[in-house]
Structures are given as C-alpha cells and as structure tokens.
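Chemist:
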Amino acid sequence: MKKLALLTFLSALTSNSIIAQSLSIETKGIIDFRLTSTSSSDSYIKGGLGKFRYSDGTRLSIAHAGLEANIGINDHWSARVVANGYLDGEDDAIGLTEAFFKYQGLPSEGGYRLSSRIGVFYPAISLEHVATGWASKDTLTGSTLNTWIGEEVRVAGLEGKLTKLGKFAGKSYDLSLTATVFKNNDPTGALLAWHGWTQSVRQTLYHESRPFPPRLSPELVDQASESDPFRDVDGNPGFHVSGEWKKRRKGSFSFGYYDNQAKPFLIEQGNYGWKTRFYHLGGRWRFDHDLELTWQYLHGDTLMQNLQRQDIVNAGYGSGYVMLSKRWQKKHRFSVRLEEFSVDDRDSTELDNNDEYGKAATFSYQYRLSKGWFLSTEYNWIDSWRPSRSYIDLPVDTTERQLQLSARYFFNH
Numbered sequence: 098m099k100k101l102a103l104l105t106f107l108s109a110l111t112s113n114s115i116i117a118q119s120l121s122i123e124t125k126g127i128i129d130f131r132l133t134s135t136s137s138s139d140s141y142i143k144g145g146l147g148k149f150r151y152s153d154g155t156r157l158s159i160a161h162a163g164l165e166a167n168i169g170i171n172d173h174w175s176a177r178v179v180a181n182g183y184l185d186g187e188d189d190a191i192g193l194t195e196a197f198f199k200y201q202g203l204p205s206e207g208g209y210r211l212s213s214r215i216g217v218f219y220p221a222i223s224l225e226h227v228a229t230g231w232a233s234k235d236t237l238t239g240s241t242l243n244t245w246i247g248e249e250v251r252v253a254g255l256e257g258k259l260t261k262l263g264k265f266a267g268k269s270y271d272l273s274l275t276a277t278v279f280k281n282n283d284p285t286g287a288l289l290a291w292h293g294w295t296q297s298v299r300q301t302l303y304h305e306s307r308p309f310p311p312r313l314s315p316e317l318v319d320q321a322s323e324s325d326p327f328r329d330v331d332g333n334p335g336f337h338v339s340g341e342w343k344k345r346r347k348g349s350f351s352f353g354y355y356d357n358q359a360k361p362f363l364i365e366q367g368n369y370g371w372k373t374r375f376y377h378l379g380g381r382w383r384f385d386h387d388l389e390l391t392w393q394y395l396h397g398d399t400l401m402q403n404l405q406r407q408d409i410v411n412a413g414y415g416s417g418y419v420m421l422s423k424r425w426q427k428k429h430r431f432s433v434r435l436e437e438f439s440v441d442d443r444d445s446t447e448l449d450n451n452d453e454y455g456k457a458a459t460f461s462y463q464y465r466l467s468k469g470w471f472l473s474t475e476y477n478w479i480d481s482w483r484p485s486r487s488y489i490d491l492p493v494d495t496t497e498r499q500l501q502l503s504a505r506y507f508f509n510h
C-alpha cells in the first residue's frame, strides 16, 4: 500500500509529457561528512539499546546525504520529493522520506489563506529539523523528541491549513489552524516502547523496517522481529490537529494533538496496531538578531493488546527540551540543549519492563566556512535508567557520550 502511494505520486508528475515540460524544478541538497567517537553499547539502529545512532567506537561516515526537489506546476500547485541516504556502517540505506503535492491559494480580502498537502509527509511538529532534507539547523543530532518523530511518525494523507494573515488587519502576527487525516502509521509507538528514547538525525526511509531489541516475554511470540512503522493494519484513518501563533521576525508558539486511532488488538504480518496518541507544545523566540530560544514538549500514551484484547504493552511517555542558540560575528554559532525524557510502563507483562527515565545535554559549535559549507563539533551526553537492559546483561543505569566533528555542505540549484 505505501509503495503504491509513492508510485502513484511519481507517475502523476511524469505521465503527461506536455505538463512535465512546463514544470519548474528547484533542487536542494545536503552532504554531511562526519567523524564520530561514541561511548555506548550496540546502537538502537541495529536492534540494540544504545541511545545514539552509532555503536561504541570511532568511525568516519557520510552521516546524511539528502536531495530535495521542489517542482512548480502552476501558480497554486507544487510538489516536493525528498530522498535521503546514509553510509554509516550501522545500516546503510537510501530512499524516499517525503513525497507530496502542495496547494497554496491567494489570500482573501479578509486576509484568510488556504493551503493543503496530499501525499507522504511529516506532520507539523519539529522546530529543529527545518533545513534541507529534514536536517537539523543548529545541531548535528536532533533532540530525543524529534528523533522519535523522524523514526516512527510519518503520515500518508491529506492536510488542510487555514491562515489568518495579520498584515491585512494591521497586526504583526499570523494565526493558523491545521488538520490532517492520514493512514499508514498504525505500528507507531512500538519502537519507542521497546528501545526507548534515542538521539540522532537518522530518519526511517519510507520503505524501511526497523529492528527491535531482543524480547523475552512469551506474550510476544507473534510479533515480528522488525517494526514497519508506516503500515496500515486496520483501515482506520488517524488525525493530527495543530495551531500556531507566529510573530514576524520574532518567533512562534505552536500546539497540536496526534491520534492514529489504531485498533491495538489487530495484527498483520507480525505488526500489531498500536493505539498511539500524544499532544505537543513548542515555541521559538528571537531575543535579538543573533540569540534564539527553542523549546518543545511532547506527552502521550501507546497501547498494544493480544487478540483477546488484554494489554500487552501499555505505556505513557514524555520528552522535552530547551535549546539556546547564539550567533556571533555572522560566522560562529554556539548551541546548548538540555533534555528530559521518560517512559512509564503500565502493564503487567512479564519480562517486558519498558520503564525509562533519562536526561541529556548537547553542546554544539558551528562555523560557516563559506557559502554552503559549515564545520561543526558537538558533544552529546545521555544518562538514563532502563530496567530492560538487564535482559541482555547491560547495566540498568548507563551514561553514554559522543563527540562529533562534521563538514556539512548545503547546495541549491
């Protein structure tokens, strides 16, 4: 189903040769060369319980190679296709992450403007990943909150957005409301429950499945060894609603609620539906041209049951961060991010304790070498308590550290 949706989108762009010849195409990209030294265990990317994308050790990698095509169709319609690739020695892969059509209407006399998206895309949640290819603008690693969004939260659906433009009424701010109806996100929550919160910029490609850590409970014998987060299990549509207040040249405040409305007792090819819901809040504010504060908080729950509708996994979860970023002399940027995260196991399934609590800190420096080129160094620290580590003979309390050097190049044609 998800492959069919992407093929339909791509064929719609190319099926009419006359239309194809009149398209305007802008391409943007990123390539991130990175040297990383990590003190951790096997990465969650490989089915371990390490919090970072890289397992223990030192390695040179292409941490991110992304290409984004923005296709102008006419004055109101456009399309976007985003492909990302990773050559990191953990799980090398390349594929699509987003593909959608976008409509943007003209403002009415009263200052109302309607826009929409249809296809596969990220819901409007992250305030960090605003650069090309969903890259993080100020740091080399995303927060735990947005790492989860990149791993498990993607929608195939229809989004409508209504914006009240303040300039039509002499106001310095805009107000917007967004509603999305979607499918293909039923297993969302499985990876978060079983490996906990993590920290990286590794996005799950739309065709990918992700491995779970070892599970010992006999209640989980029907569960596949990998999660396919962008699968539709029950046919039910989910929804996401959000609102935003945005003051020009100063900042914004946003809120939203997500519910995939999955039936948690159904299973398809080893993937259960996980009834996953959460609300999110966030804001960004510029105190002056060079100093910016960004914060987000997310809290929700997820439920998976057996065919008898008995709870197998019932967990609450939350994550939040505060980041301060300072630009200096136009070429230098310093960013500090502090985080706290947790998972609350509410079921009684034996040998499946998903409790977790942790804190994290990130210290990042970025230097603009020339147009498009950025040199960065970053230190990441995560201290967490997770009882399920004892199942694979790891310490329940663990401190993980990571030092990174990066050369990132952003291009636009």
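Using the numbering used here, read the sequence shown as starting at 98 and increasing by one per residue.
Just so you know, even glycine gets a beta-carbon here, dropped at the ideal spot from N, CA and C.
#1: For Lys199, which residues in the same chain have their Cβ closer than 6 Å to its Cβ, ignoring the five residues on either side in sequence?
#2: Hey, Thr124 and Phe507: beta-carbon distance below 8 Å or not?
#3: Taking only the alpha-carbon atoms, compute the straight-line gap between Leu466 and Lys427 and give it to the nearest angstrom.
#4: Along the chain, where does the alpha helix (DSSP H) that runs through Asn243 open and close?
#5: With distances taken between CB atoms, is the gap from Ala287 to Trp371 smaller than 8 Å?
#6: Give the secondary structure of Leu361 by DSSP, where H, G and I count as helix, E and B as strand, and everything else as coil.
#7: Among Ile191, Gly192 and Ser212, which one has its Cα closest to the Cα of Gln201?
#8: Can His337 and Gly348 be called in contact, C-beta distance under 8 Å?
#9: Of the residues Leu317, Ser339 and Ser134, which one's Cα is nearest the Cα of Ser273?
#10: So Ser240 and Glu497 are supposed to be a Cβ contact under 8 Å. How far apart are they, rounded?
#11: Can you list, in chain order, the residues of its chain whose CB lies under 8 Å from that of Leu302, leaving out five sequence neighbours each side?
#12: Could you work out which residue in Lys143, Ser416, Tyr464 and Ile409 is closest to Asp449 when comparing CA atoms only?
#13: Using the rule of at least 16 other Cβ atoms within 10 Å of the residue's Cβ for burial, across every protein chain shown, is Val514 buried or exposed?
#14: Measure the CB-CB distance between Gly163 and Ala221 and report whether it falls below 8 Å.
#15: The beta strand (DSSP E) spanning Trp425 covers which residue range?
#16: Does Ile115 come out as helix, strand or coil in the three-state DSSP assignment?
#17: Rounded to whole angstroms, what is the Cα-Cα separation between Phe218 and Gly247?
#18: Can you tell me whether DSSP reads Arg346 as helix, strand or coil?
Modeler: So, from the listed chains and residues:
#1: Cβ-Cβ distances below 6 Å link Lys199 to Ser175 and Arg214 in the same chain, with the five nearest sequence neighbours on each side left out; the list follows chain order.
#2: Going by C-beta atoms, Thr124 is not nearer than 8 Å to Phe507.
#3: One C-alpha to the other measures close to 11 Å.
#4: Where Asn243 is concerned, the enclosing alpha helix (DSSP H) stretches over Thr241 to Glu249.
#5: Cβ atoms of Ala287 and Trp371: closer than 8 Å.
#6: What sits at residue 361 in the sequence shown is Pro, not Leu. The answer is coil: DSSP assigns Pro361 none of H, G, I, E or B.
#7: Residue nearest to Gln201 within the set Ile191, Gly192 and Ser212 is Ser212 (criterion: CA-CA distance).
#8: No, the pair does not count as a contact, with Cβ atoms beyond the cut-off.
#9: Across the set Leu317, Ser339 and Ser134, the C-alpha of Ser339 shows the shortest separation from the C-alpha of Ser273.
#10: At roughly 15 Å, the Cβ-Cβ gap does not stay under 8 Å, so Ser240 and Glu497 are not in contact.
#11: So the qualifying residues of the chain are Asn181, Ala190, Ile191, Gly192, Leu193 and Thr194.
#12: With distances taken between Cα atoms, Asp449 lies closest to Ile409.
#13: Residue numbering for the chain in the displayed model covers 98 to 510; residue 514 lies beyond these limits and cannot be assessed.
#14: For Gly163 and Ala221, no; Cβs fall outside 8 Å.
#15: Looking at the DSSP string, the run of the beta strand (DSSP E) that includes Trp425 is Asp408 to Trp425.
#16: In this prediction, Ile115 scores a pLDDT of 45, lower than 50, which makes its location untrustworthy; the coordinate-derived value is nonetheless stated afterwards. If DSSP states are grouped into helix, strand and coil, Ile115 belongs with the helices.
#17: Approximately 11 Å between the Cα atoms of the pair.
#18: Three-state DSSP puts Arg346 in coil, outside helix and strand.
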